[in-house]
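Engineer: If you read the protein sequences in the order shown, they are chains A and B. Position in the first sequence (first residue = 1) + 26 = the working numbering. Position in the second sequence (first residue = 1) + 138 = the working numbering. Where a beta carbon is used, it is the ideal one built from N, C-alpha and C, also for glycine. Quick caveat, the model's predicted, so the values are computed rather than measured. Dumping the structure here so I can ask a few things about it.
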Amino acid sequence: NAGVTQTPKFRILKIGQSMTLQCTQDMNHNYMYWYRQDPGMGLKLIYYSVGAGITDKGEVPNGYNVSRSTTEDFPLRLELAAPSQTSVYFCASSSLGSSYNSPLHFGNGTRLTVT
Amino acid sequence: GENVEQHPSTLSVQEGDSAVIKCTYSDSASNYFPWYKQELGKGPQLIIDIRSNVGEKKDQRIAVTLNKTAKHFSLHITETQPEDSAVYFCAVRPPTDSWGKLQFGAGTQVVVTP
Chain A
27 NAGVTQTPKF RILKIGQSMT LQCTQDMNHN YMYWYRQDPG MGLKLIYYSV
77 GAGITDKGEV PNGYNVSRST TEDFPLRLEL AAPSQTSVYF CASSSLGSSY
127 NSPLHFGNGT RLTVT
Chain B
139 GENVEQHPST LSVQEGDSAV IKCTYSDSAS NYFPWYKQEL GKGPQLIIDI
189 RSNVGEKKDQ RIAVTLNKTA KHFSLHITET QPEDSAVYFC AVRPPTDSWG
239 KLQFGAGTQV VVTP
């Protein structure tokens with residue numbers, strides 16, 4: 027049981043390039059989330075999904091896109107990378123949405139630098 | 139929307155002493171309050187959580203207290219050990235949310251010195 031797996035661990039992008047951050051979970055969780063973590067800012071929700079085919083915007087969705095074609099996978103797409111997207115990105119999942127007895131399970135993150 | 143403030147941003151304690159981190163929230167109807175611990179190079183991990191109908195919960199050396207009237211909740215770590223060094227995040231689930239989205243505090247860097 028690997029939990030939530032994110033790839034790559036590190037990436038450097040040039041301004042204007044695009045990339046996809048991969049996230050997969052093997053816990054059969056319906057709910058999946060993408061957060062970004064900036065120093066002193068906590069975790070901000072980018073996008074989330076409550077099941078295959080269903081996605082919605084979080085607090086900071088601009089410049090990102092997501093898809094959810096399977097229960098296991100929830101990739102995050104960055105189009106036209108900008109320095110403001112330099113951050114650590116975390117994918118998380120939960121069985122019933124974060125609540126008592128249904129905590130978020132996080133991956134180990136992708137550190138992205140845009141120069 | 140829900141606003142969560144967390145203090146202090148950094149906390150240095152001697153091994154064996156206690157550590158307390160406090161979070162305040164704005165929506166009095168919020169109903170779920172978890173705490174996550176993030177070790178270096180890893181994702182956050184749930185360490186303890188509390189529901190709005192409970193005032194205090196303990197799990198070995200950690201405890202969470204909730205004051206609904208004052209709209210704040212705190213994490214207490216007793217007999218701190220070097221492995222307690224990490225970043226701790228509080229979070230709140232707003233009452234209007236149906237999808238399990240959490241609002242996180244900004245985090246507290248805890249350093250336990252031997």
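Does DSSP put A/S128 in a helix, a strand or coil?
Structural biologist: It is a strand residue.
Engineer: Which one of B/L213, B/L149, B/A208 and B/N169 has the shortest CA to CA distance from B/K160?
Structural biologist: Selected option, being the one with the closest Cα: B/L213.
Engineer: Distance, Cα to Cα, A/V114 vs B/A244?
Structural biologist: Roughly 14 angstroms between the two C-alpha positions.
Engineer: With H, G and I counted as helix, E and B as strand and the rest as coil, what does DSSP make of A/Q111?
Structural biologist: Three-state DSSP puts A/Q111 in a helix.
Engineer: What's the C-alpha gap between A/T31 and B/A157?
Structural biologist: Between A/T31 and B/A157, the C-alpha separation is close to 32 angstroms.
Engineer: Could you work out which residue in B/P232, B/P252, B/A229 and B/T203 is closest to B/P220 when comparing CA atoms only?
Structural biologist: Nearest C-alpha to B/P220: B/P252.
Engineer: Helix, strand or coil for B/D197, going by three-state DSSP, please let me know.
Structural biologist: B/D197: strand per DSSP, three-state reduction.
Engineer: Give me the Cβ distance between B/Q151 and B/W173, rounded to the nearest whole Å; I'm assuming they're in contact under 8 angstroms.
Structural biologist: Checking the displayed sequence, the identity of residue 151 of chain B turns out to be Val instead of Gln. Not confirmed; about 17 angstroms, so no contact.
Engineer: I'd like to know whether the C-beta atoms of A/Y61 and A/A118 end up nearer to each other than 8 angstroms.
Structural biologist: It is a contact, given that the beta carbons lie within the stated cut-off.
Engineer: Consult DSSP for A/P101 and reduce its assignment to one of helix, strand or coil.
Structural biologist: If DSSP states are grouped into helix, strand and coil, A/P101 belongs with coil.
Engineer: Just checking, does the region 225-243 of chain B make contact with the region 166-182 of chain B on the three C-beta pairs under 8 angstroms criterion?
Structural biologist: Yes, since at least three Cβ pairs between the region 225-243 of chain B and the region 166-182 of chain B fall closer than 8 angstroms, the two stretches touch.
Engineer: Under a CB-based cut-off of 8 angstroms, is A/V86 close to chain B?
Structural biologist: It does not: the Cβ of A/V86 has no partner Cβ on chain B nearer than 8 angstroms.
Engineer: Does any residue of chain A bring its CB to less than 8 angstroms from the CB of B/K180?
Structural biologist: True, the Cβ-Cβ gap to chain A drops below 8 angstroms.
Engineer: Using only the alpha-carbon positions, how far apart do B/Q241 and B/S190 sit?
Structural biologist: Approximately 16 angstroms, taken between the alpha carbons.
Engineer: Have a look at A/C49, A/T33, A/Q43 and A/I38 and flag the residue whose alpha-carbon is nearest the alpha-carbon of A/D99.
Structural biologist: Looking at the Cα atoms, A/C49 is the closest of the given residues.
Engineer: Below 8 angstroms on C-beta distance, what does B/W237 contact in chain A?
Structural biologist: Here the neighbours are Y57, Y74, V76, D82 and G123.
Engineer: Out of curiosity, what's the CA-to-CA distance linking B/D165 and A/I38?
Structural biologist: Roughly 39 angstroms between the two C-alpha positions.
Engineer: With distance defined between alpha-carbon atoms, name the residue in A/Q63, A/T97 and A/T141 nearest to A/V86.
Structural biologist: Among A/Q63, A/T97 and A/T141, the Cα nearest to that of A/V86 belongs to A/Q63.
Engineer: Can you tell me whether B/D155 is helix, strand or coil according to DSSP?
Structural biologist: Here B/D155 sits in coil by DSSP.
Engineer: Would you list the residues sitting across from B/I188 in a DSSP beta bridge?
Structural biologist: Looking at the DSSP assignment, B/I188 forms a beta bridge with B/F171.
Engineer: For the region 152-173 of chain B, which residues have a CB atom closer than 8 angstroms to at least one CB atom of chain A, in sequence order?
Structural biologist: Under the 8 angstroms Cβ criterion, the region 152-173 of chain B contributes Y170 and P172.
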